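Residue numbers (this note's numbering): 90 to 402.
C-beta: ideal position from N, C-alpha, C; glycine also.
Small disclaimer: the values here were computed from a predicted structure and weren't measured.
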């Protein structure tokens, strides 16, 4: 099996190519020195000078090529470590290395803006989670609690430091990760409440899947709905009762005024009979209305059953 030769490092390649480019000139110079009519002292002096220039130019070219690359590597390492304040000097248009530094600086600006945006969004999300009156829990694939907000601490009756890292089973909430969702949940927790609406979702953090559990206490919503239902009922009752009482009150006042008159009109008895008849009918209508509401309040709960609807279509 033929072994693959490891390539030379980039700096050695630059050095070798530089010396290779200057080798013909150096050899020619040495040939002229040693074939010319020079003394030994001059020959060795010129030979030392040619070899020194040959080696020095190669090392100088290597340094000029490698120094910007080292600086560029340091810039990229700083970006990788999250230090976006480091800037590349010599960034300019029209120069190959300067354009590379321009792009690196632009990359640093973009990453800094993205990090600031992510930090602001994360801070906003954390603040919202702490302020909302909804329990938010996050579990990893092993069922270990990784995130809990203030409402979750109150619901489970423990501080965040006590809850984090515990399994759903040890916390007594393993049923939150099972069964259909969304659904209505009636069970007891450390904090008295319920019923609850359970919702679940999924997200990835650090490349690993997590389960997001949201529990909303329905008491406030149900109480508000109950209050609104009572308001509507009171409005309806007030309207119907006023419709019946208004004519009764008007006729009663008219009959009172008639009875107080001296002398009374000749047809006052007919007016009294007619008015009392209206009062009786209005009273009966009001009694029927109240009786109907009483029967409605005593209706049994509905029973769900299958119904054939083919004949309705």
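Quiz prompt | When 184, 385, 190 are compared against residue 176, the one with the closest alpha-carbon | solution = The count along the chain shown starts at 1 and reaches residue 176 at position 87. When each option's Cα is compared against that of residue 176, the closest is 190.
Quiz item: Quick one: Cα of residue 376 to Cα of residue 382, how far?
Solution: Position 287 of the chain shown holds residue 376. Position 293 of the chain shown holds residue 382. Going from the Cα of residue 376 to the Cα of residue 382 covers about 10 Å.
Quiz item: Which of the three DSSP states, helix, strand or coil, is assigned to residue 305?
Solution: Here the question's residue 305 lines up with position 216 in the chain shown. Three-state result, residue 305: strand.
Practice problem: Output the distance between the C-alpha atoms of residue 389 and residue 319, rounded to the nearest integer angstrom. | Solution: As a working note, residue 389 is residue 300 in the chain shown. As a working note, residue 319 is residue 230 in the chain shown. Cα-Cα distance, rounded: 20 Å.
Self-check item: Backbone CA spacing between residue 165 and residue 203 [nearest angstrom]
Solution: In the chain shown, the residue the question calls residue 165 occupies position 76. In the chain shown, the residue the question calls residue 203 occupies position 114. For residue 165 and residue 203, the distance between alpha carbons rounds to 17 Å.
Practice problem: Consult DSSP for residue 102 and reduce its assignment to one of helix, strand or coil. | Solution: Position 13 of the chain shown, counting from 1, holds the residue named residue 102. When secondary structure is reduced to three states using DSSP, residue 102 falls in the helix class.
Self-check item: Buried versus exposed call for residue 246 [16 or more other C-beta atoms within 10 Å across all chains shown]
Solution: Against the chain shown, residue 246 aligns to sequence position 157. Flag for residue 246 reads exposed.
Self-check item: Contacting residues, own chain, Cβ-Cβ under 8 Å from residue 187 (five flanking each side not counted)
Solution: Here residue 187 refers to the residue found at position 98 of the chain shown. So the qualifying residues of the chain are 179, 180, 181.
Self-check item: Cutoff 7 Å; reference residue 100; Cβ partners in own chain excluding five residues on either side
Solution: Position 11 of the chain shown, counted from the start, is the residue given in the question as residue 100. Cβ neighbours of residue 100 beyond the five flanking positions: 151, 155.
Self-check item: With 16 other Cβ atoms within 10 Å as the buried cut-off, status of residue 262
Solution: In the chain shown, residue 262 corresponds to position 173, counting from 1. The residue is buried, with at least 16 neighbouring Cβ atoms inside 10 Å.
Quiz item: Identify the residues that DSSP records as bridge partners of residue 290: which are they?
Solution: Within the chain shown, residue 290 is the residue found at index 201, counting from 1. Beta-bridge pairing links residue 290 to 301.
Quiz item: Three or more C-beta pairs closer than 8 Å, one from the segment 341-351 and one from the segment 362-380: is that the case here?
Solution: yes
Quiz item: Near residue 241, what residues of its chain come up, given a Cβ to Cβ distance below 7 Å and the 5 sequence neighbours on each side ignored?
Solution: Position 152 of the chain shown, counted from the start, is the residue given in the question as residue 241. Excluding residues within five positions, the ones whose Cβ falls inside 7 Å are 224, 225, 226.
Practice problem: Please say whether residue 244 and residue 270 have beta carbons closer to each other than 8 Å? | Solution: Counting from one through the chain shown, the residue named residue 270 turns up at place 181. Counting from one through the chain shown, the residue named residue 244 turns up at place 155. No; because the gap between Cβ atoms is not below 8 Å, this pair is not in contact.
Self-check item: The alpha helix (DSSP H) enclosing residue 235, as first and last residue numbers
Solution: Taking the first residue of the chain shown as position 1, residue 235 is located at position 146. Where residue 235 is concerned, there is no enclosing alpha helix (DSSP H), although the beta strand (DSSP E) it sits in stretches over 234-237.
Self-check item: Selection from 98, 295, 232 that minimises the alpha carbon distance to residue 255
Solution: For this step, residue 255 is matched to residue 166 along the chain shown. For the residues 98, 295, 232, the minimum Cα distance to residue 255 belongs to 232.
Exercise. Output the distance between the C-alpha atoms of residue 298 and residue 208, rounded to the nearest integer angstrom.
Key: If you number the chain shown from 1, residue 298 lands on position 209. If you number the chain shown from 1, residue 208 lands on position 119. Cα to Cα, residue 298 sits roughly 22 Å from residue 208.
Quiz item: Taking just the CA atoms, how far does residue 398 sit from residue 220?
Solution: Stepping through the chain shown from its first residue, residue 220 is reached at position 131. Stepping through the chain shown from its first residue, residue 398 is reached at position 309. Going by the C-alpha atoms only, they are around 48 Å apart.
Practice problem: Enumerate, from N- to C-terminal direction, the unbroken alpha helix (DSSP H) stretches of 4 or more residues contained entirely within the segment 102-172. | Solution: 129-169
Practice problem: Within the same chain, show all residues whose beta-carbon is closer than 8 Å to that of residue 212, passing over the 5 residues directly before and after it, in chain order. | Solution: For the purposes of this step, residue 212 is taken as residue 123 along the chain shown, with counting starting at 1. Cβ neighbours of residue 212 beyond the five flanking positions: none.
Exercise. Note down, in chain order, each residue of its chain lying with its Cβ closer than 7 Å to the Cβ of residue 90, except the 5 sequence neighbours on either side.
Key: Position 1 of the chain shown, counting from 1, holds the residue named residue 90. Caution is warranted here: a pLDDT of 47 is assigned to residue 90, below 50, making its placement in the model unreliable, and the coordinate value is therefore given only provisionally. Taken in chain order, the list of residues that qualify is empty.
Quiz item: For the alpha helix (DSSP H) that residue 381 lies in, which residues bound it at each end?
Solution: Position 292 of the chain shown holds residue 381. Looking at the DSSP string, the run of the alpha helix (DSSP H) that includes residue 381 is 357-386.
Self-check item: Buried or exposed by the 16-neighbour rule on C-beta atoms within 10 Å, applied to residue 305
Solution: Walking along the chain shown from the start, residue 305 turns up at place 216. Looking at its Cβ environment, which holds 16 or more other Cβ atoms inside 10 Å, residue 305 is buried.
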